[in-house]
Every structure is written in C-alpha cells, then in structure tokens.
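Worksheet: the structure to be examined is printed underneath.
In the numbering used here, the protein residues as written are 3 to 322.
As structure tokens, then:
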C-alpha cells in the first residue's frame with residue numbers, strides 16, 4: 003500500500019505542469035523585445051520575472067557589444083540568465099541543452115513564487131530547446147531545407163505558452179540596426195572591445211562564447227593590426243589606413259547584424275509553420291520608424307501599436 007501511495011504522489015505533479023503558464027516574447031534583434039518585456043512586467047504584470055533567451059547575452063562581459071539592457075532600464079524587474087555565465091576551459095559554451103536545464107529550473111522557481119515567467123530573447127534555438135517536450139541536443143532542427151527538416155520538429159510543448167512575435171518590416175529594421183550600431187559605437191563599443199582584447203584572458207578558449215558576439219571578430223582583425231602601433235588615434239582622418247580599416251570593420255558589423263535578423267526571422271517562421279506554434283504577431287514597424295526620426299510621437303506610437311495589443315494578448319491568455 004505504501005508503495006502505491008509513493009508512486010501516485012511522485013507522478014501527480016506531471017499533469018499540472020502542463021498548465022503552468024509562461025509568456026514568450028520573440029522577434030529579430032533590434033525589434034524592441036527587451037523594452038516591451040520591461041514595459042509589460044513593470045506596468046501591467048508586476049508579478050512577473052524575465053528570463054533572457056539570447057545566447058550571447060547569457061555571458062558575462064561586453065555589455066555594450068552584446069547590447070544587454072542597462073540596469074536602470076530594467077526598472078527593478080528581476081532578470082535571470084542575463085550576463086551570468088562565465089566560460090571556462092572545461093565548459094566554454096552555454097549550449098541549448100544548458101539553457102533548457104537552467105531556464106527550466108528558473109521557471110520552476112518563479113512559478114513557485116506565484117509569478118509569471120517571461121522568456122525574452124532572439125535565440126530561437128534556445129527557445130525551442132526550452133519549450134519542446136522532446137528535445138535532442140544532437141539535432142539542429144533549423145538546419146537543412148524546410149521540406150527535409152519540418153518533420154523533426156516536436157509539436158508538443160512542455161508549458162502552456164503565450165507567444166508574442168514582435169515583427170518589423172525588414173527594410174525598416176535594417177535601417178534601424180545600422181543606426182543602432184552607430185549608437186553603440188558612440189556609447190563606447192570600440193573602447194570596450196579594445197580593453198577586452200588587451201586582456202590576455204581574451205585569447206583563451208575560456209572566452210570562446212563571447213567571441214561569437216557580432217563586433218568581436220570584426221574588430222579583432224583591426225585591433226590585432228593597429229592596437230600596439232604608435233601614432234595617430236584610430237579616429238584621426240589623417241591616418242588613412244587606420245580609418246579605412248575601421249570603417250570596413252563597422253560595415254561588416256552592420257551587415258552581419260542585418261543578416262542575423264534575417265536568420266532569426268526565418269527561424270520564427272519555421273516555428274510557426276513547421277512546429278505549429280501559435281504566434282500572436284504584434285506590428286512594430288511604425289514604432290521603429292518613429293524612433294529613428296525622433297520627436298514626441300515616438301512614445302505614443304510605441305504605446306498604441308506595440309504595448310496595448312501585447313497587454314490584451316497576455317491578459318486574454320492569463321484568463322483562459
């Protein structure tokens with residue numbers, strides 16, 4: 003009799019787990035996912051916490067280059083798996099399987115506090131690894147052609163999910179991403195990378211996760227060539243060779259960022275079409291266009307076109 007009771011007790015939580023609700027905010031880099039998540043969590047759903055699902059932002063360091071949301075902009079909303087992982091020789095990379103394990107544990111803790119987990123980030127590989135009920139870490143479901151790989155997607159989810167897809171017209175997004183790179187450089191991205199490469203530890207295998215961040219390989223070539231040379235500063239218009247090499251690196255960063263956004267959008271479409279995820283699309287094109295132009299209407303457009311529809315989607319989900 004005792005054995006029967008133990009078995010029933012151990013298996014009882016399994017059905018309930020499927021009804022645990024989480025909110026997932028998806029979209030390509032630069033679309034406004036982080037801002038939206040903080041707006042929702044700080045203003046409309048205060049009993050919520052955010053779990054980062056960006057595979058580069060999990061690493062500690064290079065906050066400007068990896069575009070981590072600054073502490074003041076988090077508005078006291080708890081953030082998890084954001085700049086928390088330190089690479090080591092034995093564990094150089096934070097893998098999708100690592101994310102599945104760490105994020106699952108964090109979700110359980112948040113739910114135990116009767117709060118809502120918000121999964122927010124651009125790595126759809128991480129998001130799929132976390133949410134698919136059956137996950138094979140040896141299989142990249144996003145590789146190959148659609149017809150070849152569609153059948154390998156696991157369509158059953160581990161949690162009850164509300165998916166918000168922040169979508170932006172690619173031409174407008176690319177224009178915004180180019181401007182964002184300039185803004186990051188103005189905020190100290192180059193100086194941050196120069197300091198990073200001046201540290202001998204940056205050349206070790208223990209830093210290979212961060213080395214995949216856009217900006218690191220592009221400027222590594224420049225810094226390797228010019229960092230230890232005396233003479234004009236890299237910003238000097240008189241040192242033509244340095245200036246051209248610097249501008250070439252910046253162009254590469256902008257191109258690679260736009261290509262990343264394109265790949266991310268492709269994966270989102272695969273999750274919708276092949277995995278059958280029900281994504282609630284929120285249109286943010288006009289908001290990004292307004293942000294590039296400036297003016298007083300930026301906040302109004304963001305509120306009306308992005309925040310308000312998202313609030314309705316989440317409220318409807320939580321009431322189901």
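The beta-carbon is built from N, C-alpha and C at its ideal position, and this holds for glycine as well. These figures come from a predicted structure and were not determined experimentally.
Which residues share a DSSP beta bridge with residue i?
i: residue 279; result: DSSP output for residue 279 lists no bridge partner at all.
i: residue 164; result: 25
i: residue 50; result: 118
i: residue 87; result: 61
i: residue 169; result: 285
i: residue 159; result: 134
i: residue 81; result: 52
Is the CB-CB distance between residue i and residue j below 8 angstroms?
i: residue 129; j: residue 121; result: yes
i: residue 24; j: residue 163; result: yes
i: residue 179; j: residue 259; result: yes
i: residue 48; j: residue 263; result: no
i: residue 70; j: residue 84; result: yes
i: residue 213; j: residue 219; result: yes
i: residue 125; j: residue 55; result: yes
i: residue 248; j: residue 224; result: yes
i: residue 293; j: residue 300; result: yes
i: residue 323; j: residue 34; result: Residue 323 falls outside the range modelled here, since the chain spans only 3 to 322, and no answer is possible.
i: residue 86; j: residue 62; result: yes
If we count the other Cβ atoms within 10 Å of its Cβ and call it buried at 16 or more, is residue i buried or exposed?
i: residue 99; result: exposed
i: residue 242; result: exposed
i: residue 78; result: exposed
i: residue 261; result: exposed
i: residue 322; result: exposed
i: residue 317; result: exposed
i: residue 232; result: With a pLDDT of only 48 at residue 232, under the threshold of 50, the placement of this residue in the model should not be trusted, and no figure is reported.
i: residue 176; result: buried
i: residue 141; result: exposed
i: residue 92; result: exposed
i: residue 251; result: buried
i: residue 160; result: buried
i: residue 269; result: buried
i: residue 246; result: exposed
i: residue 320; result: exposed
| Can you find at least 3 beta carbon pairs, one from the region 159–171 and one from the region 273–285, that sit closer than 8 angstroms? | yes
| task | Examine the Cβ distances between the region 174–190 and the region 248–260 and report whether three or more of them are shorter than 8 angstroms. | result | yes
| task | Report yes or no: do the region 47–66 and the region 298–312 share at least 3 C-beta pairs separated by less than 8 angstroms? | result | no
| What residue ranges within the region 250–312 form continuous beta strand (DSSP E) runs of no fewer than 3 residues, ordered along the chain? | 281–285
| Is there contact here, the region 186–202 with the region 37–52, by at least three beta-carbon pairs under 8 angstroms? | no
| message | Assess contact between the region 89–106 and the region 124–138, defined as three or more Cβ pairs (one per stretch) separated by less than 8 angstroms. Is contact present? | response | yes
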